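*Asks:* Below are the structure tokens for one structure; questions will follow.
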Ligand SMILES: Cc1cc2nc3c(=O)[nH]c(=O)nc-3n(C[C@H](O)[C@H](O)[C@H](O)COP(=O)(O)OP(=O)(O)OC[C@H]3O[C@@H](n4cnc5c(N)ncnc54)[C@H](O)[C@@H]3O)c2cc1C
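Residue numbers (the numbering used here): 2 to 609.
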């Protein structure tokens with residue numbers, strides 16, 4: 002660290018005059034203001050971009066499938082509208098495609114098993130660069146006397162932002178439309194930068210020799226040391242390997258240590274008159290908690306409903322490692338959002354809440370009528386902790402009910418109704434993200450509110466019997482889609498050793514197919530067939546899907562913008578991102594008439 006403190010850190014300290022002290026105080030105020038102007042500008046820019054996109058999508062609404070169909074003569078084929086010649090009128094679209102490829106689809110490794118997109122890295126390094134510039138500008142010959150306190154001012158004044166970026170209910174997410182999980186990446190980068198600045202402050206102060214009024218006989222100095230120790234410990238315990246291996250421990254230790262840091266930080270900064278930097282962070286944190294508690298109480302009808310079903314969830318084992326959890330709640334969400342589930346009798350700790358994507362949609366597929374009580378369905382893949390205990394409960398007790406609390410909804414899923422083609426790609430339990438998107442498209446088409454003409458639903462599963470997870474609802478959706486102008490191309494890829502099920506004639510579906518698995522009788526091929534949807538276009542294929550081929554074919558024939566949505570193992574998401582960074586969507590292809598392609602990746606976990 003000594004190199005960073007400049008030569009003056011080791012040299013005898015110069016004695017500042019009154020004018021120097023006044024200048025330093027003035028500069029500190031100015032730089033704090035500059036930093037906040039910069040941060041507010043970034044948030045304002047993202048908010049304006051979002052607002053413009055919203056306005057544009059309202060003004061230039063693509064025509065619905067129903068209106069297109071009513072104009073078309075029966076067998077007319079929609080022309081692709083591209084002749085292979087370069088059109089300069091498509092230059093803006095080509096630039097947009099180049100930007101998407103570079104910013105969001107190219108990624109770089111940032112640690113074992115984890116990658117970050119160029120956009121994320123640009124934000125992180127841009128932020129660090131701005132912080133360093135504001136820290137070191139006008140410090141003479143990098144004299145630590147000028148920046149030792151400025152570092153503390155810059156770090157402390159950002160604490161409300163750092164806390165806001167971590168919250169599930171945060172105003173930045175509402176304004177910018179960036180989901181709280183993505184903001185969490187910035188939370189970590191900002192928090193680590195603040196920690197670095199606070200250490201710089203502490204080391205520079207200590208190495209310059211603490212005068213009597215700053216030594217550790219004073220309580221406010223001891224509070225400073227306590228806060229910094231707690232913050233440092235919290236940062237160490239939040240490193241990815243620890244966070245992934247001991248998530249609950251990380252969460253609780255983080256809340257406790259950051260609580261200590263903020264209170265100690267307030268007591269430290271209050272002494273020189275800067276407590277106003279820190280207490281707003283506590284307010285931001287309290288707002289998130291109070292909002293969350295209020296919504297939790299409302300969603301679960303605490304004190305309002307005496308109905309048993311508003312307090313419980315039904316647990317069913319649908320395949321040996323997958324549980325379907327169904328809650329009946331007065332609860333509204335957007336297809337593709339997730340919620341946190343608390344099952345007090347299954348959890349190891351009362352605070353244990355796990356995120357799962359809501360696999361159902363809030364409204365029924367084919368009617369306008371809306372009921373206030375809705376089935377909130379989760380498809381939960383059993384792992385070792387909470388989900389493993391839930392699987393064991395379902396295996397031992399059969400279909401049963403447990404006390405349940407749901408917190409949410411969270412997440413900012415895309416609006417797919419503006420696109421011409423929607424390609425939904427899921428691996429395993431990732432289908433709980435793509436299924437509601439499909440259901441919603443079917444519903445919106447039926448209501449005449451969607452421009453989507455074709456949906457390709459790609460789902461790869463290890464075993465054929467996993468189709469049971471969604472067979473009933475998929476069957477219903479495909480039947481409803483047949484009565485609209487929407488073409489749905491569902492393909493299930495079975496990647497395990499089970500031989501592929503032969504192409505199926507249209508099969509009936511009976512209610513008895515739904516329900517839990519009898520673990521004593523293995524699922525036969527006949528059972529699997531019966532669980533499959535009544536839809537002749539369903540393709541059951543063996544082996545992994547060739548993502549590149551699927552994308553190339555579908556983008557190649559789409560007559561308008563394409564949306565690609567993917568959820569599942571990170572290898573699957575990465576292969577989709579790589580394919581969409583290739584010549585399929587290259588600026589040259591776009592200049593020649595290829596459609597614009599938007600990619601949305603849903604990550605199931607804190608893997609990045
Ligand atoms: C937005 C989102 C949506 C998700 N949707 C689904 C879904 O629809 N279906 C599904 O099966 N899974 C989903 N997951 C993953 C699911 O949350 C985890 O598998 C589950 O929390 C693991 O709990 P466990 O105690 O059994 O994990 P463990 O067996 O203890 O650990 C398995 C992994 O899960 C991580 N993990 C543990 N607890 C949490 C937590 N509270 N939050 C985030 N990660 C955690 C661990 O770090 C570890 O990497 C989703 C995750 C996120 C972030």
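Yeah, the Cβ is synthetic: ideal placement off N, Cα and C, and Gly gets one too.
Quantities reported herein were computed from a predicted structural model and do not represent experimental measurements.
1) Can you round the beta-carbon distance between residue 178 and residue 413 to whole angstroms, since I take them to be within the 8 Å contact cut?
2) Compute the beta-carbon to beta-carbon distance between residue 329 and residue 311, rounded to the nearest angstrom, for a pair I have assumed lies under 8 Å.
3) Nearest by alpha-carbon distance to residue 435: which of 152, 588, 338 is it?
4) Check whether the Cβ of residue 385 lies closer than 6 Å to any heavy atom of ligand 1, and answer yes or no.
5) Just to confirm my understanding: we take residue 602, look at its own chain, exclude 5 residues before and 5 after, and list those with CB closer than 6 Å. What are they?
6) Closer than 6 Å to a non-hydrogen atom of ligand 1 - does that hold for the CB of residue 339?
7) Who are the Cβ neighbours of residue 152 in its own chain at under 8 Å, not counting the five residues just before and after it?
8) Please find out if some non-hydrogen atom of ligand 1 comes closer than 6 Å to the beta-carbon of residue 574.
9) Less than 6 Å between C-beta atoms, sequence neighbours within five positions excluded: which residues of the same chain meet that for residue 506?
10) Does the beta carbon of residue 381 fall short of 6 Å from some heavy atom of ligand 1?
11) With three or more C-beta pairs closer than 8 Å as the rule, is the region 347 to 361 touching the region 373 to 380?
12) On the DSSP bridge assignment, give the partners of residue 149 in chain order.
13) For residue 287, tell me which candidate among 164, 232, 388 has the shortest Cα-Cα distance.
14) Please state if the CB of residue 167 and the CB of residue 188 are separated by a distance shorter than 7 Å.
15) Hey, out of 555, 253, 149, whose CA is closest to residue 211's CA?
16) Identify, in the order they occur along the chain, each residue of the same chain with its Cβ nearer than 6 Å to the Cβ of residue 169, setting aside the five sequence neighbours on each side.
17) If you follow the beta strand (DSSP E) that residue 219 is in, where does it begin and where does it stop?
18) Out of 106, 431, 60, state which residue places its alpha-carbon closest to the alpha-carbon of residue 620.
19) What residue range does the beta strand (DSSP E) around residue 339 cover?
20) In the DSSP assignment, find the unbroken alpha helix (DSSP H) run with residue 435 in it and report its ends.
21) Determine whether the beta carbon atoms of residue 270 and residue 284 lie at a separation below 7 Å.
22) Taking its Cβ as the centre, do 16 or more other Cβ atoms sit within 10 Å of residue 400, making it buried, or is it exposed?
23) So who's on the other strand from residue 331, going by DSSP bridges?
24) Is residue 250 near ligand 1, going by C-beta to nearest heavy atom under 6 Å?
25) Given residue 2, which residues of its chain have a CB within under 8 Å of its CB, disregarding the five upstream and five downstream residues?
26) Note the first and the last residue of the continuous beta strand (DSSP E) segment covering residue 28.
27) Assuming the contact rule is C-beta atoms closer than 8 Å, residue 425 and residue 387 should be a hit. Round their C-beta distance to whole Å, please.
28) Let me know the secondary structure DSSP gives residue 600 once reduced to three states.
29) If you measure from the CB of residue 358, is any heavy atom of ligand 1 nearer than 6 Å?
30) Does the separation of the CB atoms of residue 282 and residue 224 fall below 7 Å?
31) Hey, would you say residue 442 sits closer than 7 Å to residue 475, going by beta carbons?
32) Who are the Cβ neighbours of residue 196 in its own chain at under 7 Å, not counting the five residues just before and after it?
33) Using a threshold of 6 Å, is the CB atom of residue 267 nearer than that to any non-hydrogen atom of ligand 1?
34) At a cut-off of 6 Å, would you count residue 601 as near ligand 1, judging by its Cβ distance to the nearest heavy atom?
35) Opposite residue 227 in the DSSP bridges: which residues?
36) Should residue 430 be listed as close to ligand 1, given that the test is whether its C-beta is under 6 Å from any heavy atom?
*Replies:* In terms of the structure at hand:
1) Translated into positions along the chain shown, residue 178 becomes position 177. Translated into positions along the chain shown, residue 413 becomes position 412. With a Cβ gap of about 5 Å, residue 178 and residue 413 count as contacting.
2) In the chain shown, residue 329 corresponds to position 328, counting from 1. In the chain shown, residue 311 corresponds to position 310, counting from 1. Contact holds; Cβ gap of about 7 Å.
3) The residue given as residue 435 occupies position 434 in the chain shown. Of the candidates 152, 588, 338, 338 places its Cα closest to the Cα of residue 435.
4) Counted from its first residue, the chain shown places residue 385 at position 384. Result yes, Cβ under 6 Å from ligand 1.
5) To locate residue 602, count along the chain shown from 1; it is residue 601. Taken in chain order, the residues that qualify are 567, 574.
6) Position 338 of the chain shown holds residue 339. With a cutoff of 6 Å, residue 339 counts as near ligand 1, since its C-beta is closer than that to a heavy atom of the ligand.
7) Position 151 of the chain shown, counted from the start, is the residue given in the question as residue 152. A distance below 8 Å between beta-carbons, with the five flanking residues on each side excluded, links residue 152 to the following residues of its chain, in chain order: 136, 198, 199, 201, 202, 205.
8) Taking the chain shown and counting its residues from 1, the one referred to as residue 574 is at position 573. Incorrect: residue 574 has no Cβ contact closer than 6 Å to ligand 1.
9) Translated into positions along the chain shown, residue 506 becomes position 505. Any reading at residue 506 must be qualified, since the residue scores a pLDDT of 35, below 50, and its modelled position is unreliable; the value itself is stated next. For residue 506, there are no CB contacts under 6 Å within the same chain when 5 residues up- and downstream are skipped.
10) The residue labelled residue 381 in the question sits at position 380 within the chain shown. For residue 381, the distance from the CB to the nearest heavy atom of ligand 1 is below 6 Å.
11) Judged by Cβ distances under 8 Å, the region 373 to 380 makes contact with the region 347 to 361, as three or more pairs qualify.
12) Taking the chain shown and counting its residues from 1, the one referred to as residue 149 is at position 148. Residue 149 pairs with nothing; no bridge assigned.
13) For this step, residue 287 is matched to residue 286 along the chain shown. A check of alpha carbon separations from residue 287 across 164, 232, 388 identifies 164 as the nearest.
14) The residue you call residue 188 lines up with position 187 of the chain shown. The residue you call residue 167 lines up with position 166 of the chain shown. In contact: residue 188 and residue 167 (Cβ atoms closer than 7 Å).
15) Taking the first residue of the chain shown as position 1, residue 211 is located at position 210. Closest in C-alpha terms to residue 211, from the list 555, 253, 149, comes 149.
16) Here residue 169 refers to the residue found at position 168 of the chain shown. So the list reads 181, 411, once near-sequence residues are dropped.
17) The residue you call residue 219 lines up with position 218 of the chain shown. From DSSP, residue 219 is part of no beta strand (DSSP E); its letter is neither H nor E.
18) The shown model of the chain, from 2 to 609, leaves out residue 620, and the question about it has no answer.
19) For the purposes of this step, residue 339 is taken as residue 338 along the chain shown, with counting starting at 1. Bounds of the beta strand (DSSP E) holding residue 339 are 339 to 343.
20) Position 434 of the chain shown holds residue 435. Taken as a continuous stretch (DSSP letters only), the alpha helix (DSSP H) holding residue 435 covers 432 to 447.
21) Position 269 of the chain shown, counting from 1, holds the residue named residue 270. Position 283 of the chain shown, counting from 1, holds the residue named residue 284. The answer is no: Cβ separation not under 7 Å.
22) Working through the chain shown from its first residue, we reach residue 400 at position 399. That one is exposed.
23) The residue labelled residue 331 in the question sits at position 330 within the chain shown. Residue 331 pairs with 374.
24) Translated into the one-based positions of the chain shown, residue 250 becomes position 249. No.
25) Indexing the chain shown from 1 puts residue 2 at position 1. Confidence in residue 2 is poor, its pLDDT being 44 and thus under 50, which makes the residue's placement too unreliable to answer from.
26) Sequence index remark: in the chain shown, residue 28 carries index 27 (1-based). Taken as a continuous stretch (DSSP letters only), residue 28 belongs to no beta strand (DSSP E), being part of the alpha helix (DSSP H) at 19 to 60.
27) As a position in the chain shown, residue 425 is number 424, starting the count at 1. As a position in the chain shown, residue 387 is number 386, starting the count at 1. Residue 425 to residue 387, Cβ: 28 Å. No contact.
28) On the chain shown, residue 600 is found 599 positions in, with the first residue counted as 1. Residue 600 falls in the strand class under three-state DSSP.
29) Taking the first residue of the chain shown as position 1, residue 358 is located at position 357. Answer for residue 358: yes, Cβ within range of ligand 1.
30) For the purposes of this step, residue 282 is identified with residue 281 of the chain shown, where counting begins at 1. For the purposes of this step, residue 224 is identified with residue 223 of the chain shown, where counting begins at 1. Result no, Cβ atoms of residue 282 and residue 224 do not sit closer than 7 Å.
31) For the purposes of this step, residue 442 is taken as the residue at position 441 of the chain shown. For the purposes of this step, residue 475 is taken as the residue at position 474 of the chain shown. Contact flag unset, no.
32) Along the chain shown, one-based indexing puts residue 196 at 195. Hits under 7 Å: 232, 233, 236.
33) Within the chain shown, numbered from 1, the residue matching residue 267 stands at position 266. Not under cutoff, so the answer is no.
34) As a working note, residue 601 is residue 600 in the chain shown. Every heavy atom of ligand 1 is 6 Å or more from the Cβ of residue 601, so no.
35) Residue mapping note: residue 227 aligns to position 226 of the chain shown, counting from 1. Looking at the DSSP assignment, residue 227 forms no beta bridge with any residue, so it has no partner.
36) Counted from its first residue, the chain shown places residue 430 at position 429. Indeed, a heavy atom of ligand 1 lies less than 6 Å from the Cβ.
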